[in-house]
Each structure stands twice: as C-alpha cells, then as structure tokens.
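Please read the structure below before turning to the comments.
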Amino acid sequence: MITDPISDMLTRIRNAASVRKATVAIPYSKMKFAIAKILEHEGYVKGVEVHAEGAKKILTITLKYAGRRPAFELLKRVSTPGRRVYKKTYELPAILSGFGMSIISTPNGLMTNKEAHSRRLGGEVICEIH
Numbered sequence: 001m002i003t004d005p006i007s008d009m010l011t012r013i014r015n016a017a018s019v020r021k022a023t024v025a026i027p028y029s030k031m032k033f034a035i036a037k038i039l040e041h042e043g044y045v046k047g048v049e050v051h052a053e054g055a056k057k058i059l060t061i062t063l064k065y066a067g068r069r070p071a072f073e074l075l076k077r078v079s080t081p082g083r084r085v086y087k088k089t090y091e092l093p094a095i096l097s098g099f100g101m102s103i104i105s106t107p108n109g110l111m112t113n114k115e116a117h118s119r120r121l122g123g124e125v126i127c128e129i130h
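For the sequence shown, position 29 (counting from the first letter as 1) is numbered 29 according to our numbering, and the numbering increases by one without interruption.
Here you go:
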C-alpha cells in the first residue's frame, strides 16, 4: 500500500523522464489529475489523458523534452503526510526568482504559487518544479 500517492506520482514522472520515456501511466485520482493539468498548462508535460481499464482509471502523462533533456530539472515533493507545510500568501516561495513554480493547495483548489499570490491565497505547498 502506498502511503503517499502524490510522491509516488512525482517519482514515476522523474524516473520516466530520466530514461526518456514518451509516456508514463499512473493510477488515477482527482488530485493527481489536477497536478498533471497544472504541469501541462505550465509547459512541463505535453499532454494528460485519462483511460478506463475495467473498473480502474489510468492517468497517462506524455512527457516533454528539450532536445535530450526533460522540460523540468527538479520535481520535488515539499509537504508530506508526516510533515505538512503551510504558507501564508506573503510567505509563498518564489522558485528560482520566478523561473520555477510550486503547486499550492488552496481553499479555491490547486494552483501555482504565482496565481495564489495574485489571488492573495495561502495553503499547503504540494511540490516544487523547475
């Protein structure tokens, strides 16, 4: 049993990118789908699709590469089940002076740190990408 499914998702994406796979399959959940859509919107992955295999849904993420390198250098889980990290709107981190991003879980749903800062929302810092 996986105790941290979001960390498992990020690890699967990192591992697939390190061996230059075209796609990676992940068990579906609403949270994972929302994170994948943010990654797609920000240009870190090419596409996100949901497929049904019997009663289970599978999330298929198409990875994006710049030449032979992945579109991201770091994909790191910040808040874990054992150590939750919450930030207020003025404490939200600026990743690589604005060239990276973090995904924040706010009362209005998942969003990037830039969007949460512009809406003046704080929340749980899920992960960092750059």
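Positions of the beta carbon are idealized from the N, C-alpha and C atoms, including for glycine. None of the values given here were measured: they were computed from a predicted structure.
As assigned by DSSP and simplified to three states, the class of residue i
i, result
"I126", "strand"
"D3", "First, the residue type needs correcting, since residue 3 is Thr and not Asp in the sequence shown. Of the three classes helix, strand and coil, the one that applies to T3 here is coil, per DSSP."
"L92", "coil"
"L121", "coil"
Closest residue to residue i among the options (Cα-Cα distance)
i, options, result
"K21", "I61, P27, T112, G123", "I61"
"I95", "R84, L75, K30, D8", "L75"
"V78", "A36, A34, M101", "M101"
"M31", "L10, F72, S97, G98", "L10"
"L59", "K37, F72, I129", "K37"
"A139", "G43, A34, K87", "Since the first residue of the chain shown is 1 and the last is 130, residue 139 is not available in this structure."
"T80", "V125, K64, R68", "V125"
Buried versus exposed call for residue i [16 or more other C-beta atoms within 10 Å across all chains shown]
i, result
"L110", "buried"
"V48", "buried"
"G98", "exposed"
"P107", "exposed"
"P70", "buried"
Residues bridged to residue i [DSSP beta-bridge criterion]
i, result
"S102", "E128"
"L151", "This structure cannot speak to residue 151, because the chain is shown only from 1 to 130."
Output the residue ranges of the alpha helix (DSSP H) runs that lie fully inside the segment 15-90 and measure 4 residues or longer, sorted by chain position. 30-41
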